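Only one structure is covered here, and it is reproduced in the block below.
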Amino acid sequence: MRFFLAGIMQGSHRGADLHDQDYRTHIKRLLEDHLPGADVYDPMADHAGSLSYDDEQGRRVFFHHSHMCREVDVVLAFVPEASMGTAVEMWEAYQSGRAVIVVSPMKHNWAVKFLSHEIYADVGELEQALVSGRLAERLREILCADA
Numbered sequence: 022m023r024f025f026l027a028g029i030m031q032g033s034h035r036g037a038d039l040h041d042q043d044y045r046t047h048i049k050r051l052l053e054d055h056l057p058g059a060d061v062y063d064p065m066a067d068h069a070g071s072l073s074y075d076d077e078q079g080r081r082v083f084f085h086h087s088h089m090c091r092e093v094d095v096v097l098a099f100v101p102e103a104s105m106g107t108a109v110e111m112w113e114a115y116q117s118g119r120a121v122i123v124v125s126p127m128k129h130n131w132a133v134k135f136l137s138h139e140i141y142a143d144v145g146e147l148e149q150a151l152v153s154g155r156l157a158e159r160l161r162e163i164l165c166a167d168a
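Each residue of the sequence shown is one higher than the one before, starting from 22 at the first, in the working numbering.
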């Protein structure tokens, strides 16, 4: 099963600043540990220096990642606060019939609420769903329904 690990990078920062990205390693490890065969793509791993990209390279990467979200099986999005790029990735996945799993306390935000198949308030809830097998079962339901 192919995953795209979406999540907040710049958020609402006005400068060339990033939010803490430690969540990426933790979530990737959880997926690989509890979903055998999970192939997790982390865009930050390939583009750690993205804040210094010129407009041409940034545009190319942005649209490439958006397109990838149409092709993977699952977009797992970490959204502790609003993230416009993550919302675009969620939209692309949802519109393409992919599973969208979101980790966010913003369950009333319309983008989170209406573009998600599952919403977990935090990484702890995600981990519980993985350990118990609930997320694996839910992914089978979502992906089989859309097949």
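Ideal Cβ positions, reconstructed from N, Cα and C, are used throughout, including at glycine. Here the structure is a predicted model, which means the values were calculated and not measured.
Closest by C-alpha distance to residue i, when choosing among the options
i	options	result
M65	D143, E53, L26 and M127	L26
H86	V100, D76 and D67	D67
V109	C90, R159 and E139	C90
H138	L160, R81 and D54	L160
D60	Y115, R80 and L97	L97
P126	L147, Y62 and G154	L147
Q149	M22, L56 and D43	L56
G106	L156, G79 and I140	G79
Q116	Y141, E102, M22 and H88	H88
I163	E102, V121, E92 and R81	V121
8 Å Cβ cutoff met for residue i and residue j
i	j	result
V52	F24	According to the sequence displayed, residue 52 carries Leu and not Val. Their beta carbons are under 8 Å apart, which means L52 touches F24 by this criterion.
R119	D143	no
F99	Y44	yes
For residue i, three-class secondary structure by DSSP
i	result
A157	helix
L136	coil
H34	Its pLDDT being 39, under 50, H34 is placed unreliably in this model, and the coordinates cannot settle the point.
A103	coil
V93	coil
A27	strand
Exposed unless 16 or more other CB atoms sit within 10 angstroms - verdict on residue i
i	result
T46	exposed
M111	buried
F135	exposed
E113	buried
A12	The first residue shown for the chain is 22 and the last is 168, placing residue 12 beyond what the model contains.
V123	buried
S153	exposed
G145	exposed
G58	exposed
At 4 residues or longer, what runs of the alpha helix (DSSP H) sit wholly inside the stretch 46-89? Fully enclosed alpha helix (DSSP H) runs of 4 or longer: 64-67 and 76-89.
Could you give the uninterrupted runs of the alpha helix (DSSP H) lying entirely in the stretch 106-133, keeping only those of 4 residues or more? Here no run is fully enclosed.
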